[in-house]
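Input: a single structure, listed below in structure tokens.
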Amino acid sequence: MRFLEQFKRLITLDLANQFAIPVQSLPGWFLSKSSAKHNLPLYKACIDFLPLLPDDYFLEIGYGRGEMLKLCHDLIRKENGKGVVYGVERSQYMEDVARKRFALEIVEDGSIQLNRVLDLRHLPYPNDIFHGIAHIDVFYFWKEERIAEICREFFRVLKPGHKVVCAMEFERLKKLEKWGLLSTNQWNPVRYLSHLEPAGFVNVKIDYTESGKRKIQLVTAMKPDVDEDYFNPEERMRKLERDVKRQMVLNDMMNKGYKPTADDLELLQDKELFK
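Heads up, the sequence shown is in UniProt numbering, so the first residue is 1 and it goes up one at a time.
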């Protein structure tokens, strides 16, 4: 009896590890295949809630077998768009599967771009490049101390006025918890939501939609829109210089034991003061 219990624990642990980072094995193949099929309505919900347009640059975090990548690519090509679909993945096995699946699109016209990224705090992309970021499942496996930095990195690569979307299905996650593959602490959306606003996002919320009898929850957050000066490198440098000078003045005040008043802080926001 003890042997059977130990064997069951080992099997459950292996499945939990495969769910987080699939490796080339029978459990990895089965879990990734079944998840890809079951999650199809969640992928579609992500695309609808962005929404994705034909000329958009889109990024999926943790693309698995590439189901959402294909949906996005098909949508872009159907409209003869110039958009590009990007994906990052931690699992070497999933990257190999996706590269074989999309070999033509990768080599022929570069309309799908895949990268293996082990640390989401360091994405290999420039600032303000993506019209949308979407993912399913992956935040359950982020270490607590890294979530804030990951959210800031999403904010960095996302274009102003655009969204990050994470689709979830609470009923499915409760089943995975019952089977020992996840814990409530891992998939609790508050764990993710609480870091989005401090990273700079606005309109942070949980939206709801349905697909047949299935209820889908979506964490959504927008990078606030900006004026045209935001994309002017000279103006951005001037702003950085003003911010540095402003901070130096504040530090000097506090070092001398003076606590800045609300009027002081308002005055320090004056651009003319730090020309």
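Backbone N, C-alpha and C define an ideal beta-carbon position, used for all residues, glycine too.
So the alpha helix (DSSP H) residue i belongs to, where does it begin and stop?
| i | result |
| --- | --- |
| Ala103 | 103-108 |
| Gln186 | 184-187 |
| Gly28 | 26-38 |
| Ile129 | Here Ile129 belongs to no alpha helix (DSSP H), and DSSP marks it neither H nor E. |
| Glu67 | 67-78 |
| Leu193 | 190-196 |
Taking residue i as the reference, give the member of the options with the closest Cα.
| i | options | result |
| --- | --- | --- |
| Leu50 | Lys82, Val226, Asn251, Ala221 | Ala221 |
| His38 | Asp137, Lys178, Asn188 | Asp137 |
| His122 | Phe155, Leu26, Thr184, Thr261 | Phe155 |
| Val190 | Leu71, Ala148, Lys70 | Ala148 |
| Ser211 | Leu42, Lys33, Ser34 | Leu42 |
| Glu153 | Asn188, His195, Ile21 | His195 |
| Lys159 | Asp252, Val226, Ala45 | Val226 |
| Gly110 | Val84, Val117, Pro124 | Val84 |
| Gln113 | Gly257, Gly87, Phe141, Ala134 | Gly87 |
| Gly132 | Arg116, Glu105, Pro54 | Pro54 |
| Asn115 | Lys245, Gln186, Gly62, Trp142 | Gly62 |
| His135 | Asn255, Gly64, Pro27, Asn188 | Gly64 |
| Phe201 | Gly180, Lys223, Trp187, Asn188 | Lys223 |
| Ile216 | Thr261, Val165, Glu89, Glu144 | Val165 |
| Leu120 | Glu105, Glu60, Tyr93 | Glu60 |
| Glu105 | Asp128, Leu69, Tyr125, Met94 | Leu69 |
| Gly66 | Trp179, Ser34, Asn127 | Ser34 |
With hydrogens ignored, establish whether the beta-carbon of residue i is closer than 7 angstroms to any heavy atom of the ligand SAM.
| i | result |
| --- | --- |
| Phe49 | This structure simply doesn't include the ligand SAM, nor any ligand for that matter. |
Count the other C-beta atoms from every protein chain shown that fall within 10 angstroms of the C-beta of residue i, then say buried if there are 16 or more, exposed otherwise.
| i | result |
| --- | --- |
| Gly161 | exposed |
| Phe30 | exposed |
| Ala103 | exposed |
| Tyr208 | exposed |
| Ala262 | exposed |
Please list the terminal residues of the continuous beta strand (DSSP E) segment that includes residue i.
| i | result |
| --- | --- |
| Ala221 | 214-222 |
| Leu59 | 57-61 |
| Tyr208 | 202-211 |
| Arg116 | 112-116 |
Is DSSP giving residue i helix, strand or coil here?
| i | result |
| --- | --- |
| Glu89 | strand |
| Leu13 | helix |
| Ala20 | helix |
| Ala167 | strand |
| Ile150 | helix |
| Leu42 | helix |
| Leu158 | strand |
| Ala134 | strand |
Using a Cβ-Cβ cutoff of less than 7 angstroms, which residues in the same chain neighbour residue i once the five nearest sequence positions on both sides are dropped?
| i | result |
| --- | --- |
| Lys205 | Thr220 |
Keeping to the same chain, check which residues put their C-beta closer than 8 angstroms to that of residue i; ignore five residues upstream and five downstream.
| i | result |
| --- | --- |
| Leu182 | Ala16, Phe19, Tyr140, Leu173, Leu176 |
| Leu71 | Tyr43, Lys44, Ile47 |
| Lys100 | none |
Leaving out the 5 sequence neighbours to the left and right, which residues in its chain are closer than 6 angstroms to residue i when beta-carbon positions are compared?
| i | result |
| --- | --- |
| Gly81 | Pro54, Asp55 |
| Pro124 | Asn115 |
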